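Have a look at the structure below, then the notes.
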Amino acid sequence: MSESASEPVQGPPRVPVTVEVNGVSVDRQVEPRSLLADFLREDLGLTGTKVSCELQVCGVCTVLVDGRPVSSCTFLTADADGAAVTTVEGLSDGQTLHPLQESFVDHFALQCGFCTPGFLMMSKALLDGDDVPDRAAIVEHLEGNICRCTGYQPIVEAVEHAAERLRGGAHG
Amino acid sequence: MTLPPFALLRPTTLDDALRELSEDSVPYCGGTELLLAMRAGLHRPAALVDLKRIRELSGVRVEDGVLVIGATERHADLAAHPVVRERLPVFARMEKHIGNARVRTQGSIGGNLCFAEPKSDVATVLMALEASVTLAGPGGRRTVPVEEFVAGPYYAEKEPDELLVDVRVPLRDGLRGAYVKFQTMERPTVGVAVLADDAAGWYRLGVGAVGEVPLAWSFGSLGEIDADEVAGWVDPTPDLSGSEEYKRHVTAVYVRRALARLEQVSA
Chain X
1 MSESASEPVQ GPPRVPVTVE VNGVSVDRQV EPRSLLADFL REDLGLTGTK
51 VSCELQVCGV CTVLVDGRPV SSCTFLTADA DGAAVTTVEG LSDGQTLHPL
101 QESFVDHFAL QCGFCTPGFL MMSKALLDGD DVPDRAAIVE HLEGNICRCT
151 GYQPIVEAVE HAAERLRGGA HG
Chain L
1 MTLPPFALLR PTTLDDALRE LSEDSVPYCG GTELLLAMRA GLHRPAALVD
51 LKRIRELSGV RVEDGVLVIG ATERHADLAA HPVVRERLPV FARMEKHIGN
101 ARVRTQGSIG GNLCFAEPKS DVATVLMALE ASVTLAGPGG RRTVPVEEFV
151 AGPYYAEKEP DELLVDVRVP LRDGLRGAYV KFQTMERPTV GVAVLADDAA
201 GWYRLGVGAV GEVPLAWSFG SLGEIDADEV AGWVDPTPDL SGSEEYKRHV
251 TAVYVRRALA RLEQVSA
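Here it is as structure tokens:
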């Protein structure tokens, strides 16, 4: 949570932002070019959010801005001003895992784990919606996330199971 | 990777935004195309003019039988918008399936058209719908059909000091429409839109993603649409999604599939 030591002395004016990150209000002056992923990882030390393709293709940098999934690698911190940002660090309740996290563990939905924060946040956005997603909706929603380990099936099963549990179904 | 430095301007009125625009001070909304181009070093503007606080550029309304969509409307919002879903379901369904869920949350319809990405689903469907765009500039406003606006790959018919204000789609009672695409990577290999207004004898076909720009044609009946003939009209760009010959083949296949899908769509 430390301030950057080397403040640039010139360049375009900084932008004041107030962002609620995982329920905590944060005030900063950021460079216009500051990307949300860098802001979270470097300024706030929230390194759960990963960065990979930087093309909005792989999904590892997914965070929620006011509940909607965005690629934080291609999202200006300035655009998060006044918004609520949820990262993977905001999922669990202390030591109690979120049902999605628990389901990922139960279904072996991760191996190396690098893509997992992105899959979790994308899945949370889906499960927070009005519709209870079926398997096809889950597969479609996660189309924009890449996993090189699992072959995707365990991930889809984990989300399916969490969806059933969150709706209080008989399978939970 | 860090972006090159730029200033961020956030006007709240269209007039203020127009005053800020220049060759070096460019419109910015969702950033799904612009920020990537800047990161790749293809573009290095001194300032981004954020359009998201300009109310006149947002919203969806029906005006004299025309669906008017504000330039800064996001794909996800259009896919879910009750008016779009009711009056132009083929467009709402296309918006629901473009890019991925993050691109749909961030990207705007205006940005999509101004970037003129050759594989844009949006441009293909809008061309088939005979939609147009409203451009505002220092000298006033002008209306340009999407077929002329999306003039070339990554080239839209817009001056640096102009802004895309809205997209206008003429509505037709009893319109039936289908859009199908083949996609194995981030962007489609081919996208085909087919539209029918039987009462007016108005039939349109749009084919996108295979070539440098989407193309659209009018027909007097659905029976006039010959999939193999259409495959000869497109000008495919060989790329990672396929060779010219392959793309002509999938074009014919997807024209047939679009026609088959249309048969299942009621007015």
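Chains as they are written, first to last, in UniProt numbering: chain X, 1 to 172; chain L, 1 to 267. For every residue, glycine included, the Cβ atom is placed at its ideal position computed from N, Cα and C. Fair warning: this is a prediction, and the values are worked out from it, not measured in the lab.
Exercise. Using the rule of at least 16 other Cβ atoms within 10 Å of the residue's Cβ for burial, across every protein chain shown, is Arg55 of chain L buried or exposed?
Worked result: exposed
Problem set entry | Ala156 of chain L versus Asp198 of chain L - alpha carbon distance | 32 Å
Exercise. Between Gly172 of chain X and the rest of its own chain, which residues show a CB-CB distance below 7 Å, the 5 nearest in sequence each way excluded?
Worked result: Unreliable placement is indicated for Gly172 of chain X, whose pLDDT of 37 sits below 50; the coordinate value is still reported in the next sentence. These residues qualify, in order along the chain: Glu164 and Arg165.
For this session: For the stretch 202 to 228 of chain L, list the alpha helix (DSSP H) runs that are entirely contained and at least 4 residues long, ordered along the chain.
Result: none
For this session: Note down, in chain order, every chain L residue with its Cβ under 7 Å from the Cβ of Thr74 of chain X.
Result: Gly31, Thr32, Leu35 and Leu36
Problem set entry | Interface flag, Ala78 of chain X vs chain L, CB-CB below 8 Å | yes
Problem set entry | Other residues of its chain near Leu35 of chain X: CB distance less than 8 Å, five sequence neighbours each side excluded | Ser72, Cys73, Thr74, Phe75, Leu76 and Thr77
Problem set entry | Option in L:Leu259, L:Arg10, L:Val68 and L:Phe6 with minimal Cα separation from Gln10 of chain X | L:Phe6
Problem set entry | Bounding residues of the alpha helix (DSSP H) (the contiguous stretch that carries Lys124 of chain X) | Thr116 to Leu127
Problem set entry | Within 8 Å of chain X by C-beta, residues of the stretch 99 to 124 of chain L in sequence order | Gly99, Asn100, Ala101, Arg102, Val103, Thr105 and Gln106
Exercise. Between Arg187 of chain L and Lys96 of chain L, is the Cβ-Cβ spacing less than 8 Å?
Worked result: no
Exercise. Where do the ends of the beta strand (DSSP E) carrying Lys181 of chain L lie?
Worked result: Arg176 to Phe182
Problem set entry | Contact set between Pro13 of chain X and chain L, taken where Cβ atoms lie within less than 8 Å | Ala7
Exercise. Does the stretch 213 to 220 of chain L touch the stretch 142 to 158 of chain L, meaning 3 or more C-beta pairs lie closer than 8 Å?
Worked result: yes
Problem set entry | Contact set between Met94 of chain L and chain X, taken where Cβ atoms lie within less than 7 Å | None at all; the shortest Cβ gap to chain X is about 14 Å.
For this session: For Leu3 of chain L, return the contacting residues in chain X, with the cut-off set at a CB-CB distance below 8 Å.
Result: Arg33 and Leu35
Exercise. Using a Cβ cut-off of 9 Å, which residues of the stretch 126 to 154 of chain X contact any Cβ in chain L, in chain order?
Worked result: Leu126, Glu140, His141, Leu142, Glu143, Gly144 and Asn145
For this session: Have a look at Ser52 of chain X and Gly94 of chain X and give me their C-alpha separation to the nearest angstrom.
Result: 28 Å
Exercise. In terms of residue numbering, what span does the alpha helix (DSSP H) encompassing Val165 of chain L cover?
Worked result: Per DSSP, Val165 of chain L belongs to no alpha helix (DSSP H); it is in the beta strand (DSSP E), Leu163 to Pro170.
Problem set entry | Below-8 Å beta-carbon distance, Leu186 of chain L vs any chain X residue | What sits at residue 186 of chain L in the sequence shown is Glu, not Leu. Glu186 of chain L counts as touching chain X.
For this session: Kindly say whether Arg39 of chain L, judged by its beta-carbon, lies nearer than 8 Å to any beta-carbon of chain X.
Result: yes
Problem set entry | Buried/exposed call for Arg10 of chain L, threshold 16 Cβ in 10 Å | buried
Exercise. If we ignore side chains and look at the alpha-carbon of each, how far apart do Phe108 of chain X and Gly59 of chain X end up?
Worked result: 19 Å
Exercise. In terms of residue numbering, what span does the beta strand (DSSP E) encompassing Ile69 of chain L cover?
Worked result: Val66 to Gly70
Problem set entry | Option nearest Val90 of chain L by Cα separation, candidates L:Ala178, L:Pro145 and L:Gly31 | L:Ala178
For this session: In angstroms with no decimal places, state the Cα-to-Cα distance between Leu36 of chain L and Met1 of chain L.
Result: 11 Å
Exercise. In chain order, what residues of the same chain lie with their CB nearer than 6 Å to the CB of Gly118 of chain X, ignoring the 5 residues before and after it?
Worked result: Gly59, Val60, Thr62 and Asn145
For this session: Could you tell me which residues DSSP puts in a beta bridge with Ser25 of chain X?
Result: X:Glu20
For this session: Tell me, please, whether the CB atom of Leu55 of chain X is closer than 8 Å to any CB atom in chain L?
Result: yes
For this session: Determine the chain L residues that contact Pro69 of chain X at a beta-carbon separation under 7 Å, and present them in chain order.
Result: Ala101, Arg102 and Thr105
For this session: Would you mind sorting Ala196 of chain L into buried or exposed? The rule is 16 or more other CB atoms within 10 Å of its CB.
Result: buried
For this session: Using alpha carbons as the reference points, say which of L:Asp77, L:Gln264 and L:Phe182 lies closest to Gly59 of chain L.
Result: L:Asp77
Exercise. Within 8 Å (strictly less), CB to CB, does Gln59 of chain X reach chain L?
Worked result: It should be noted that the sequence gives Gly, not Gln, for residue 59 of chain X. Closer than 8 Å: yes.
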